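J.:
Numbering (the working numbering), first residue to last: 1497 to 1674.
(1) Can you tell me which of the three DSSP states residue 1531 falls into?
(2) By a C-beta neighbour count over all protein chains shown, 10 Å radius and 16 as the cutoff for buried, is residue 1526 buried or exposed?
(3) Run through the region 1619-1655 for me and flag every whole beta strand (DSSP E) of 3 or more residues, listed as ranges in chain order.
(4) How about residue 1635 and residue 1606: do their beta carbons lie closer than 8 Å?
(5) Hey, residue 1653 and residue 1568 are a contact pair by Cβ (cut 8 Å); roughly how many whole angstroms apart?
(6) Do residue 1646 and residue 1517 come within 8 Å of each other at the CB atom, strictly closer than that value?
(7) How big is the Cα-Cα spacing for residue 1589 and residue 1552?
(8) To the nearest whole angstrom, what separates the beta carbons of residue 1595 and residue 1649, a pair I think is in contact under 8 Å?
(9) Residue range of the alpha helix (DSSP H) that residue 1523 falls in?
(10) Just the C-alpha distance for residue 1554 and residue 1640, rounded to the nearest angstrom, thanks.
(11) Quick one: what's got a C-beta closer than 7 Å to residue 1578's C-beta in the same chain, skipping five residues either side?
(12) Go through its chain and collect everything with a Cβ distance to residue 1547's Cβ below 6 Å, but skip five positions before and after it.
(13) Can you say whether residue 1510 is buried or exposed, counting buried as having 16 or more other CB atoms within 10 angstroms of its CB?
(14) Quick check on residue 1542: buried or exposed, where buried means 16 or more other Cβ atoms within 10 Å of its Cβ?
(15) Using the beta-carbon count (16 or more within 10 Å), is residue 1609 buried or exposed?
(16) In three-state DSSP terms, what is residue 1570?
(17) For residue 1529, which residues from the same chain have a beta carbon less than 6 Å from its beta carbon, with the 5 sequence-adjacent residues on both sides left out?
(18) Confirm, please, whether the CB-CB distance from residue 1532 to residue 1627 is below 8 Å.
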């Protein structure tokens, strides 16, 4: 593996890990139903929580990671070889597609969780007697999917960089790192 490939994998891996840690931290600090106080006038009084900022930073981190890996790897359509694609290209295509699916879902979960957790101060209860809070697992799901997105993106990038006829994680191609 070349130094450039290794460096890109480290940077993207760090951003993905940062996104996951921030997502799990947002899950731990989200506003729970027990934290909300109901007033006599029918208002929901929400405490302040860092989950909004943690969720937003997590979403930004995974977006930067996805952008870096796709910018450096290039468009998979442009990388297609003439003739029939080999199994390495097929694995790269599947990893690319699944990486984008995981990224979109993770990004939406993190942004939705952050937006719904931004109930600050007093909110009037409409359409029933409910104080709305983010359900458990929204931020955690985004964190897990951000890790999956980064892993699949790195796999896609390494599969495209590997010499033709070798596997991306072949011990013979990673011997240079040791």
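Think of the CB as a built atom: it goes at the ideal place given N, C-alpha and C, for glycine as much as any other residue.
All values reported here derive from a predicted model rather than from experimental measurement.
T.: If we stick to the structure as given:
(1) Walking along the chain shown from the start, residue 1531 turns up at place 35. DSSP places residue 1531 in helix when its eight states are reduced to three.
(2) Within the chain shown, the letter at position 30 stands for residue 1526. The residue in question, residue 1526, is buried, as its Cβ has 16 or more Cβ neighbours within 10 Å.
(3) none
(4) As a working mapping, residue 1635 is identified with position 139 in the chain shown. As a working mapping, residue 1606 is identified with position 110 in the chain shown. Their beta carbons are under 8 Å apart, which means residue 1635 touches residue 1606 by this criterion.
(5) The residue given as residue 1653 occupies position 157 in the chain shown. The residue given as residue 1568 occupies position 72 in the chain shown. That pair is a contact at about 7 Å.
(6) Taking the chain shown and counting its residues from 1, one reaches residue 1517 at position 21. Taking the chain shown and counting its residues from 1, one reaches residue 1646 at position 150. Contact flag unset, no.
(7) Your numbering for residue 1589 matches position 93 in the chain shown. Your numbering for residue 1552 matches position 56 in the chain shown. Answer to the nearest angstrom: the Cα atoms are 29 Å apart.
(8) Residue numbering aside, residue 1595 sits at position 99 when the chain shown is read from its first letter. Residue numbering aside, residue 1649 sits at position 153 when the chain shown is read from its first letter. At roughly 4 Å, the Cβ-Cβ gap stays under 8 Å, so residue 1595 and residue 1649 are in contact.
(9) The residue you call residue 1523 lines up with position 27 of the chain shown. First-last of the alpha helix (DSSP H) with residue 1523: 1499-1525.
(10) For the purposes of this step, residue 1554 is identified with residue 58 of the chain shown, where counting begins at 1. For the purposes of this step, residue 1640 is identified with residue 144 of the chain shown, where counting begins at 1. Going from the Cα of residue 1554 to the Cα of residue 1640 covers about 11 Å.
(11) The residue given as residue 1578 occupies position 82 in the chain shown. A caution first: residue 1578 carries a pLDDT of 47, below 50, which makes its placement in the model unreliable, though a value can still be read off. Hits under 7 Å: none found.
(12) What you label residue 1547 is simply residue 51 of the chain shown in a count that begins at 1. So the qualifying residues of the chain are 1522, 1525, 1526 and 1613.
(13) In the chain shown, counting from the first residue as 1, residue 1510 sits at position 14. Exposed, by the Cβ-count rule.
(14) Residue numbering aside, residue 1542 sits at position 46 when the chain shown is read from its first letter. Buried.
(15) In the chain shown, residue 1609 corresponds to position 113, counting from 1. When all chains shown are included, residue 1609 counts as buried.
(16) The count along the chain shown starts at 1 and reaches residue 1570 at position 74. Reduced to three states, the DSSP call for residue 1570 is coil.
(17) Against the chain shown, residue 1529 aligns to sequence position 33. Only 1629 meet the Cβ criterion.
(18) As a first step, residue 1627 must be located in the chain shown, where it is residue number 131. As a first step, residue 1532 must be located in the chain shown, where it is residue number 36. Contact: yes.
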